[in-house]
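A quick write-up on the structure given underneath.
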Amino acid sequence: MRRKLAAGNWKMNGTSASLDELTALMATHPDPQVDILICPPATLVTSAVVTAADHALQIGGQDCHRNESGAHTGDISAAMLRDAGASYVLTGHSERRTDHNESDEEIRNKTKAAHAAGLIAVVCIGETLKEREAANTLDIIAGQLAGSLPDVLTAENTVIAYEPVWAIGTGKVPTTNQIGEVHDYIRSRLEQRYGAGVGTSIRILYGGSVKASNAAEIFAVSNVDGALVGGASLKASDFSPIVTALQNA
Ligand code: 13P
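If you read the sequence shown in the numbering used here, its first letter stands for residue 2, the second for the next number, and so on.
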């Protein structure tokens, strides 16, 4: 049985006042039956960890450097995130792939760094609209999985997030058939590469315009083990119904 995961990615949003949203979220879900993760901006990781100290809610980073330390101005290592109390980190988010030209190899190295530091890596993959329209989606997914994932991993230290780039922040959501096709495909690739035990146990999240109004439908799709939510994770009042929908799925 894969434990379900409701993850929020705040992206470049939030100041210390936003910690009130964490407090409200925890108050609404005092004893969650699913894992809950919030990835605030790096400036809030430490205070978010303190805010969530007495709750099951986990805190993660949004990116990490491939190296443990060194002359990399502005970057943050996985070991630093771990030291700050984070337990997860996103790697390969499409906004990092685009804004910072991150390659699959770079993402693989970041994922390895996350594992070495004891973090759970949420490795993000997904096709662009152009790729989908060219009917290349599954090839793109296969390539990103092959390139972004290390050869050695466990179901405990790795989560996959399928986020079609064209669905992020657009209000456009793939059909449940489209989501199911990709999630089933990811599952089969994972089983092929890592064996049935590990490949069957890795959690696969869907991300891209998930909201309270579409969450239940998405969570009913096979091999969807939760969601990675952007905009609708910023306010507890928006994210909480998504957590509830996942618990009820
Ligand atoms: P939205 O939920 O705002 O579409 O963002 C999805 C996302 O990119 C989460 O990482």
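All C-beta atoms, glycine included, are put in the ideal place defined by N, C-alpha and C.
- If you measure from each CB to the nearest heavy atom of the ligand 13P, the residues under 6 Å come out as Asn10, His94, Glu164, Ile169, Gly170, Gly208, Gly209, Ser210, Val211, Leu229, Val230, Gly231, Gly232 and Ala233.
- With respect to Pro165, Gly227 sits apart: the two C-beta atoms are not nearer than 8 Å.
- Rounded to the nearest angstrom, the Cβ distance from Leu23 to Ala57 is 12 Å, too far for a contact under 8 Å.
- With respect to Ile203, Leu191 sits close: the two C-beta atoms are nearer than 8 Å.
- For the options Ile37, Gly144, Ile108 and Ala43, the alpha carbon positioned closest to that of Ala53 is the one of Ile37.
- Within the same chain, Cβ atoms closer than 6 Å to the Cβ of Tyr207 are found at Tyr163, Ile180, Ile219, Val225 and Ala228, the five residues on either side in sequence being excluded.
- The criterion of a C-beta distance shorter than 8 Å is satisfied by Val211 and Val230.
- The alpha-carbon separation between Lys173 and Ala221 amounts to approximately 18 Å.
- Annotated as distal: Thr112 and Ser70, with beta-carbon spacing of 8 Å or more.
- For Val153, the secondary structure class from DSSP, reduced to helix, strand or coil, is coil.
- Under the three-state reduction of DSSP, Arg97 is assigned to helix.
- Bridge partners of Asn10 according to DSSP: Cys40.
- Residue range Thr159 to Tyr163 is occupied by the beta strand (DSSP E) that includes Thr159.
- Selection Asn249, Ile205, Leu20 and Gly62 evaluated against Glu157 yields Ile205 as nearest (Cα-Cα).
- Residue pairing by DSSP places Gln59 opposite Leu38 in a beta bridge.
- Arg97 and Glu103 have their alpha carbons spaced roughly 6 Å apart.
- Here Arg204 carries a strand assignment [DSSP, helix/strand/coil].
- DSSP places Val50 in the uninterrupted alpha helix (DSSP H) bounded by Val46 to Thr52.
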